[in-house]
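In the UniProt record's numbering, the protein residues as written are 1 to 441.
Just below is one structure, and these are the notes that go with it.
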């Protein structure tokens, strides 16, 4: 009978990375975003920001919002796409999976660009109809139509705002009862919900509207932000475009919900932006806009006042972030010229979206700015106005990205890199495909 095998050697303790090695790893997975802040009372432009080196956390743990708090200035310049030089491991962001840190949400996204090559055998979406009638008496958003509550819309010719007939928030909801166990907490949730029609015609969307019409939408947004922000701490302006995003009515419109509380996303962005300003001395998104304007590879469109990028940490395939170049807290703080240039850059972005797959491009978008109501008198220098665009389409007008499985249970994952997405959007024409078809007919 053979003798028993010798006992296995004890596992060696994990090697502790030297400080310099850990620093390089964190830098490679992070993003350099230093700077300084502004007081709430004046949203003036900034100049002469010092540049420092932001250190990202290890993707296996740690709090990214607090990493590298000492942050000093040092001209650290990691490659924006996470590419290594020849001979240094030959890493290619477009070929090798890697994690990217999102400092605005203090979380990570897995980038697996090689997966975009796999054949698609999943669900195909139905493209939106091309024959939407300009006016339909049965459409409750059309001028002169009767809504579900029996009210008749006026014969409006521009924007039209009215209370949501089926609001998720009401101003007079009673307080929930207390529970004596900490696992069962509830809190009051009050507010108002409004609907805003962009235009009287149902067959128009924002990219097909004139600059003057888009500017009217922006002005109406700002007016609602002032009106509702006088009483409520958070005013969420958002648009769900397309049936794929749950929009049941093709008429161009958005919603505005004002709440008596700061929602989850608002609280998260307030915390991360506040911590970044405290640690680095500059508003996070102001410095981020400057970095992206200089680096260019994720830039989609820009003008004198605004830029649109596919964020370094984007989750959705063609997700974009719309940022002002000046330090601005809220929509209502924009001056006349900035509102005009905002209308222009929105139109350019949305035309590119539609041109990508030559379809009315679905998305959810919304504005985030400094809290209002009781927060109006507080310091909000860490905040920077911005808009998020979250479109679901991935490969074509019928193939979308699904956030399921790993994304729901572990962390977000994307296929093509943000740089690839930005390059594709950037290369698209700024004349709408429908307009080009008319010119060629």
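Backbone N, C-alpha and C define an ideal beta-carbon position, used for all residues, glycine too.
Keep in mind the model is a prediction, meaning the values are calculated, not measured.
Which one or two residues does DSSP pair with residue i in a beta bridge?
{"i": "residue 412", "result": "109"}
{"i": "residue 160", "result": "197"}
{"i": "residue 320", "result": "389"}
{"i": "residue 302", "result": "307"}
{"i": "residue 315", "result": "DSSP lists no partner for residue 315."}
{"i": "residue 231", "result": "For residue 231, which the question treats as bridged, DSSP gives no partner whatsoever."}
{"i": "residue 212", "result": "Looking at the DSSP assignment, residue 212 forms no beta bridge with any residue, so it has no partner."}
Does the separation of the CB atoms of residue i and residue j fall below 8 Å?
{"i": "residue 146", "j": "residue 152", "result": "yes"}
{"i": "residue 300", "j": "residue 349", "result": "yes"}
{"i": "residue 217", "j": "residue 198", "result": "yes"}
{"i": "residue 211", "j": "residue 343", "result": "yes"}
{"i": "residue 366", "j": "residue 388", "result": "yes"}
{"i": "residue 173", "j": "residue 187", "result": "no"}
{"i": "residue 235", "j": "residue 220", "result": "no"}
{"i": "residue 164", "j": "residue 194", "result": "yes"}
{"i": "residue 370", "j": "residue 329", "result": "yes"}
{"i": "residue 130", "j": "residue 113", "result": "no"}
{"i": "residue 442", "j": "residue 302", "result": "The shown model of the chain, from 1 to 441, leaves out residue 442, and the question about it has no answer."}
{"i": "residue 341", "j": "residue 304", "result": "yes"}
{"i": "residue 260", "j": "residue 190", "result": "yes"}
{"i": "residue 196", "j": "residue 282", "result": "no"}
I need the straight-line Cα distance from residue i to residue j, nearest angstrom please.
{"i": "residue 276", "j": "residue 138", "result": "50 Å"}
{"i": "residue 166", "j": "residue 295", "result": "45 Å"}
{"i": "residue 427", "j": "residue 347", "result": "16 Å"}
{"i": "residue 133", "j": "residue 203", "result": "6 Å"}
{"i": "residue 356", "j": "residue 318", "result": "10 Å"}
{"i": "residue 421", "j": "residue 108", "result": "18 Å"}
{"i": "residue 11", "j": "residue 409", "result": "For residue 11, the pLDDT reaches just 43, beneath the cut-off of 50, and the residue's location in the model is therefore unreliable, leaving the point undetermined."}
{"i": "residue 111", "j": "residue 101", "result": "11 Å"}
{"i": "residue 345", "j": "residue 254", "result": "19 Å"}
{"i": "residue 432", "j": "residue 207", "result": "8 Å"}
{"i": "residue 384", "j": "residue 334", "result": "12 Å"}
{"i": "residue 402", "j": "residue 312", "result": "20 Å"}
{"i": "residue 414", "j": "residue 307", "result": "23 Å"}
{"i": "residue 157", "j": "residue 214", "result": "14 Å"}
{"i": "residue 430", "j": "residue 407", "result": "33 Å"}
{"i": "residue 238", "j": "residue 200", "result": "19 Å"}
{"i": "residue 416", "j": "residue 89", "result": "21 Å"}
{"i": "residue 140", "j": "residue 424", "result": "37 Å"}
{"i": "residue 22", "j": "residue 92", "result": "The pLDDT assigned to residue 22 is 42, lower than 50, so where the model puts this residue is not dependable; a value taken from the coordinates is nonetheless given after this. When rounded, the distance between both Cα atoms is 20 Å."}
{"i": "residue 181", "j": "residue 175", "result": "17 Å"}
Thinking C-alpha only, which one of the options is nearest residue i?
{"i": "residue 144", "options": "407, 96, 155", "result": "155"}
{"i": "residue 250", "options": "185, 96, 240", "result": "240"}
{"i": "residue 332", "options": "194, 210, 372", "result": "372"}
{"i": "residue 377", "options": "141, 97, 106, 231", "result": "231"}
{"i": "residue 127", "options": "242, 429, 287, 337", "result": "242"}
{"i": "residue 442", "options": "413, 358, 98, 415", "result": "There is simply no residue 442 to check, as the chain begins at 1 and stops at 441 in what is shown."}
{"i": "residue 412", "options": "92, 142, 98, 89", "result": "98"}
{"i": "residue 280", "options": "103, 90, 91", "result": "103"}
{"i": "residue 336", "options": "162, 222, 90", "result": "222"}
{"i": "residue 106", "options": "179, 273, 171", "result": "273"}
Please check the pair residue i and residue j, which I expect to be a contact at CB under 8 Å, by giving their CB distance rounded to whole angstroms.
{"i": "residue 192", "j": "residue 169", "result": "6 Å"}
{"i": "residue 386", "j": "residue 323", "result": "5 Å"}
{"i": "residue 233", "j": "residue 262", "result": "6 Å"}
{"i": "residue 391", "j": "residue 418", "result": "13 Å between Cβ atoms; not a contact."}
{"i": "residue 309", "j": "residue 326", "result": "Actually they are not in contact, since the Cβ atoms of residue 309 and residue 326 sit about 16 Å apart, beyond 8 Å."}
{"i": "residue 205", "j": "residue 360", "result": "6 Å"}
For chain D, is any of its Cβ atoms less than 8 Å away from the one on residue i?
{"i": "residue 326", "result": "The structure shown contains no chain D; it is built from a single protein chain."}
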